[in-house]
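*Asks:* Taken in order, the sequence shown gives residues 1 to 562; the numbers are from this note's numbering.
C-beta atoms are modelled at their ideal positions from N, C-alpha and C, and glycine is treated no differently.
Being a predicted model, the structure only gives us computed values, none of them experimental.
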Amino acid sequence: MVANTTPVETRAQDTVFVAQCSLTGLCDHLPLPWPASPDTPPSPKKDYRSHYVYLGWEDLRDPDTWVGLSDFDLILRLIDFDPLRDVLAQLLGWTSARGQQPFDPVSIFLLIGWQITNGWSRAKTLRNIHNPRYADYVQRFGFEDGVFPTEGGIRYWLTAIGRNSTSDETVLVDEERQVEVATQRLNHLLAQSVRLLVESRLLSPEAWKEALICPDGMIHDAASRMRCAFTQETCYRSDDGPRSCPAKEKGRCGCDCDTNACDPICRYATARDPDARFIWYSGSNKRRDNPNQSTDPVQAKKKRGRGRFGYRSFPLQLADPSRRFSIVLLDDFFPANAYEEDPVAALFLQLLSFYPDLHVNAAAGDAAFGHDTILHIVYHHLHARRVIDLRSHHTDRNKTLWPIRGYDDKGRPVCPFGYTFTANGFDSDRQRHKWFCGHACRNGATPAVCVENASYPPDECAYLDADHPHGKIINVGERFKDDSIRLVRDIPVGSQTWKRFYHRARNAVEGRNAYFESWGLKRLPVYGTPRGKAFIFQADVWLNLTTLARLVREATATTGCN
1 MVANTTPVET RAQDTVFVAQ CSLTGLCDHL PLPWPASPDT PPSPKKDYRS
51 HYVYLGWEDL RDPDTWVGLS DFDLILRLID FDPLRDVLAQ LLGWTSARGQ
101 QPFDPVSIFL LIGWQITNGW SRAKTLRNIH NPRYADYVQR FGFEDGVFPT
151 EGGIRYWLTA IGRNSTSDET VLVDEERQVE VATQRLNHLL AQSVRLLVES
201 RLLSPEAWKE ALICPDGMIH DAASRMRCAF TQETCYRSDD GPRSCPAKEK
251 GRCGCDCDTN ACDPICRYAT ARDPDARFIW YSGSNKRRDN PNQSTDPVQA
301 KKKRGRGRFG YRSFPLQLAD PSRRFSIVLL DDFFPANAYE EDPVAALFLQ
351 LLSFYPDLHV NAAAGDAAFG HDTILHIVYH HLHARRVIDL RSHHTDRNKT
401 LWPIRGYDDK GRPVCPFGYT FTANGFDSDR QRHKWFCGHA CRNGATPAVC
451 VENASYPPDE CAYLDADHPH GKIINVGERF KDDSIRLVRD IPVGSQTWKR
501 FYHRARNAVE GRNAYFESWG LKRLPVYGTP RGKAFIFQAD VWLNLTTLAR
551 LVREATATTG CN
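Structural data, given as structure tokens:
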């Protein structure tokens with residue numbers, strides 16, 4: 001790959017990608033059927049107020065069709081969504097043919113996807129679907145006779161999807177702490193969108209066989225405006241006893257909750273977003289050498305960042321390093337103040353059940369995911385390399401402890417005399433990293449820390465004789481000898497290999513963030529956890545589908561067919 005090429009240029013130079021993923025390469029496989037699981041029960045509903053029917057892709061043979069064709073338009077032509085109907089019926093919790101005649105769930109799914117990818121509000125989306133200008137979308141969505149869903153109907157659909165997503169099944173994250181996290185049925189929808197890309201050969205083979213998994217956490221501001229930063233679950237209790245005030249416990253004015261306005265819930269709580277929480281986002285993952293930092297020590301120590309009130313999604317993404325794009329594999333949705341360790345650990349534990357043929361090579365992310373539980377699961381369950389940034393501890397600044405504990409603040413082994421070891425590679429079969437001292441004390445190296453009362457260069461080292469030509473050799477597996485895992489990494493921190501993996505992960509994360517920002521999803525357009533969860537999961541699905549359409553467009557453009 002030529003340096004300084006853009007991702008689009010890199011893919012255009014990939015002859016296999018162009019041959020397989022262009023319209024010419026895909027035409028024998030079109031339409032791409034939605035890969036619903038064969039054991040999905042049929043929808044109990046027999047009649048619908050709309051009916052989606054795939055309308056074909058043949059107009060793509062005409063180069064003029066591609067002019068002004070959006071990625072969403074291309075998705076409607078490339079994919080047959082008919083098998084998705086039964087999947088959505090299960091997610092909606094339909095168990096009987098009784099009740100009102102609903103809209104075809106595929107029609108609603110496509111309508112919401114149209115809203116998401118255009119960054120529209122629900123009201124604008126419904127206005128547009130009534131506009132004769134968009135009659136072609138009405139036809140492709142399957143709406144008939146001018147009968148369209150209302151805002152209330154869309155709200156109900158999102159609420160039902162979100163509420164039924166949380167499964168009765170749980171994942172045991174930490175046996176010692178007895179922490180369990182509920183699984184999300186919406187991840188099946190996300191996994192099926194991934195299968196579309198895999199079966200279409202848009203992913204490079206090495207991206208699936210040597211997968212780089214990138215966890216992230218993205219904050220989404222709630223649709224409700226925050227009134228009290230200290231709102232907790234107790235603020236929503238309506239029992240007869242006195243309601244404690246978290247704000248007063250923090251030394252603020254708070255609320256006495258002794259008026260009729262506070263009868264059902266505290267009047268300062270957000271009734272439509274009861275699970276939304278306030279956090280202070282400091283942006284601690286910013287570069288330390290930021291040129292905008294103040295030189296004034298007082299200013300430099302001031303608390304930076306800003307308050308955020310809402311929710312947080314925890315996507316697991318897969319980065320394709322050779323074709324330079326990423327897709328979302330799994331996700332979860334929690335209040336903004338949710339502790340990262342348990343939700344992300346649960347997703348890592350579920351990864352191979354959703355993708356049994358996926359071989360994970362490494363997991364890369366920022367320090368927020370450098371918890372012991374996650375590091376253990378990546379090593380023990382996924383058998384993957386840990387390229388997760390380090391979580392610091394105040395003891396790391398005490399260099400005199402390095403020779404005693406046997407490693408420095410970056411997880412590099414240190415000998416009893418204060419010299420650092422040299423990395424000699426990772427043994428993937430044994431899952432351990434080999435380090436050797438190489439007689440650094442005899443080769444002019446400067447010790448990372450000088451040990452009190454020791455002579456330099458040290459003569460009392462037991463590894464200076466001819467029986468140890470490489471000096472002391474140690475193997476680091478899951479943990480150091482002191483049973484610590486916090487600083488153990490399977491690639492030396494700061495090395496070129498580390499930077500390559502880490503930067504790929506950051507690019508994947510920023511790619512999703514950029515799309516979500518352009519779609520207006522930094523602030524949720526819906527109220528409440530069920531709707532917010534349903535909306536974000538569907539946005540991830542549409543992000544994967546948009547990636548599919550974008551790659552097909554690029555490959556086709558390279559062949560000159562559009």
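1. Checking 8 Å against the spacing of the C-beta atoms, do S165 and L91 come in under that value?
2. For L330, which beta-bridge partners are listed by DSSP?
3. By a C-beta neighbour count over all protein chains shown, 10 Å radius and 16 as the cutoff for buried, is R98 buried or exposed?
4. Note down the Cα distance separating W542 from N337, rounded to an integer number of angstroms.
5. Quick check on the DSSP output: the beta strand (DSSP E) that includes C27 runs from which residue to which?
6. Using the Cα positions of F417 and A454, report the straight-line distance between them to the nearest angstrom.
7. Would you report the Cα separation of H220 and G146, rounded to the nearest angstrom?
8. From what residue to what residue does the beta strand (DSSP E) around W280 run?
9. Rounded to whole angstroms, what is the Cα-Cα separation between P492 and G406?
10. Express the C-alpha separation of T183 and S244 in angstroms, rounding to a whole number.
11. Quick one: what does DSSP say L212 is sitting in, helix, strand or coil?
12. Cutting at 7 Å between CB atoms, please list the residues of its own chain near L202, excluding the five before and the five after it.
13. Return helix, strand or coil for W435, following the three-state DSSP convention.
14. Which of the three DSSP states is assigned to A222 in this structure?
15. With 16 as the cutoff for other CB atoms within 10 Å, does V16 come out buried or exposed?
16. Restricting to Cα atoms, I'd like to know which of T546, R531, T559, R553 is closest to G153.
17. Express the C-alpha separation of T170 and S107 in angstroms, rounding to a whole number.
18. If you check the beta carbons only, do C253 and R267 fall under 8 Å apart?
19. Whole angstroms are fine: how far does the CA of Y515 sit from the CA of A462?
20. Beta-carbon separation of F333 and S353 under 8 Å?
21. Using CA coordinates, which residue listed in G251, D331, A269 is at the minimum distance from C257?
22. Can you list, in chain order, the residues of its chain whose CB lies under 7 Å from that of S43, leaving out five sequence neighbours each side?
23. Determine the burial state of D366: buried for a count of at least 16 other Cβ atoms within 10 Å of its Cβ, exposed for fewer.
24. With a threshold of 6 Å on Cβ separation, who are the neighbours of N475 within its own chain once the five nearest residues in sequence on each side are excluded?
25. Measuring only the C-alpha atoms, how far is G511 from C450?
26. Buried or exposed: which applies to G68, given that a residue is buried once 16 or more other Cβ atoms fall within 10 Å of its Cβ?
27. Nearest-angstrom Cα distance between M1 and A362?
28. May I ask you to report which of helix, strand or coil DSSP gives D427?
29. Name the one or two DSSP bridge partners that N364 has.
30. Counting pairs of Cβ atoms below 8 Å between the stretch 216-232 and the stretch 373-386, do you hit three or more?
31. Suppose you measure from the CA of P321 to the CA of A207; what does that come to, to the nearest Å?
32. Can you list, in chain order, the residues of its chain whose CB lies under 7 Å from that of A345, leaving out five sequence neighbours each side?
33. Would you mind sorting I112 into buried or exposed? The rule is 16 or more other CB atoms within 10 Å of its CB.
34. Taking the beta carbon of V181 as the centre, do at least 16 other beta carbons fall within 10 Å, making it buried, or is it exposed?
35. Note the first and the last residue of the continuous beta strand (DSSP E) segment covering S167.
36. With respect to the alpha helix (DSSP H) encompassing T497, which residues constitute its N-terminal and C-terminal limits?
*Replies:* If we stick to the structure as given:
1. yes
2. L316
3. exposed
4. 26 Å
5. It is not in any beta strand (DSSP E) - C27 carries neither H nor E in the DSSP assignment.
6. 7 Å
7. 35 Å
8. 277-281
9. 15 Å
10. 32 Å
11. strand
12. C21, L548, L551
13. strand
14. coil
15. exposed
16. R531
17. 31 Å
18. no
19. 58 Å
20. no
21. A269
22. R85, D86, A89, W94
23. buried
24. R432, K434
25. 45 Å
26. exposed
27. Because the pLDDT of M1 is 44, which lies under 50, any placement of that residue in the model is unreliable, and the question is left without a value.
28. strand
29. A small fix is needed here, since residue 364 is Ala in this sequence, not Asn. According to DSSP, A364 bridges with V387.
30. no
31. 7 Å
32. V173, T373, I374, I377
33. buried
34. buried
35. 166-174
36. 496-518
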